[in-house]
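**Q** To get my numbering, take the position in the sequence shown, counting from 1, and add 87. Just so it is clear, CB atoms sit at the ideal spot from N, CA and C, and this is done for glycine as well. Please read these numbers as outputs of a predicted model, since none were measured by experiment.
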Amino acid sequence: MKKRAFFFVFIVVLIILFLSWYMNNYIAKTVKYGSYYMEVDTESGISPFVMISENQISFTYDLLSNHLSLGNYSIEGDILTMTTYDGNEKYVFQIDGDTLIFLENSSSLIKLKNENPEVKVTDKAKFRLKR
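#1: Which residues in the same chain as residue 170 place their Cβ atom closer than 7 Å to its Cβ, once the five residues preceding and following it in sequence are excluded?
#2: Residue 102 by DSSP, collapsed to three states: which one?
#3: Quickly, what does DSSP pair residue 155 with across the bridge? List them, please.
#4: Return the first residue and the last residue of the beta strand (DSSP E) that residue 121 is part of.
#5: When the distance is taken between beta carbons, is residue 150 closer than 9 Å to residue 133?
#6: Can you check DSSP and say which residues form a bridge with residue 177?
#7: For the beta strand (DSSP E) containing residue 199, name the first residue and the last one.
#8: Quick one: what does DSSP say residue 207 is sitting in, helix, strand or coil?
#9: Can you list, in chain order, the residues of its chain whose CB lies under 8 Å from that of residue 119, leaving out five sequence neighbours each side?
#10: Whole angstroms are fine: how far does the CA of residue 91 sit from the CA of residue 156?
#11: Roughly how many angstroms lie between the CA atoms of residue 125 and residue 106, to the nearest whole one?
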């Protein structure tokens, strides 16, 4: 009887470890590393972009500014939240496959030096992964 109980506990522990590993490696990682460029209606080739790596994220939305938004990110469900290292800015995106959708109402205000309407980051702006 003790062998059966031990075997049952051993199997339950293995299942818990497997599920924990699976969630950490497959479910929690819903964003691909790389550069995501905003879809723009211009031929200038200049576009806001988000760069994601394993350890950090950067968000470049104004190429005329010397300001760099660089920080950490977290993912809950399909929502990616970027927080700058100084804690002053937060930018939120919805993850949709290889696309990040900017959520303006949940994000910090974006201040541009040159308000070009063709490259302004607006609510629901789509950033697509470039390969």
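**A** Taking the geometry as given:
#1: Translated into the one-based positions of the sequence shown, residue 170 becomes position 83. 158, 159, 177, listed in sequence order.
#2: Translated into positions along the sequence shown, residue 102 becomes position 15. If DSSP states are grouped into helix, strand and coil, residue 102 belongs with the helices.
#3: By one-based count along the sequence shown, residue 155 stands at place 68. Answer by DSSP bridge pairing: none, since residue 155 is not bridged.
#4: Your numbering for residue 121 matches position 34 in the sequence shown. Counting along the chain, residue 121 sits inside the beta strand (DSSP E) bounded by residues 121 to 125.
#5: Counted from its first residue, the sequence shown places residue 133 at position 46. Counted from its first residue, the sequence shown places residue 150 at position 63. Yes, Cβ-Cβ distance for residue 133 and residue 150 is below 9 Å.
#6: Position 90 of the sequence shown, counting from 1, holds the residue named residue 177. DSSP, once it has assigned bridges, lists 170 as partnering residue 177.
#7: Within the sequence shown, residue 199 is the residue found at index 112, counting from 1. Segment: none, residue 199 is in no beta strand (DSSP E) and carries neither H nor E.
#8: Position 120 of the sequence shown, counting from 1, holds the residue named residue 207. Coil, per DSSP.
#9: For the purposes of this step, residue 119 is taken as the residue at position 32 of the sequence shown. Only 139, 185, 216 meet the Cβ criterion.
#10: Stepping through the sequence shown from its first residue, residue 156 is reached at position 69. Stepping through the sequence shown from its first residue, residue 91 is reached at position 4. Those two C-alpha atoms are separated by around 57 Å.
#11: By one-based count along the sequence shown, residue 125 stands at place 38. By one-based count along the sequence shown, residue 106 stands at place 19. About 36 Å.
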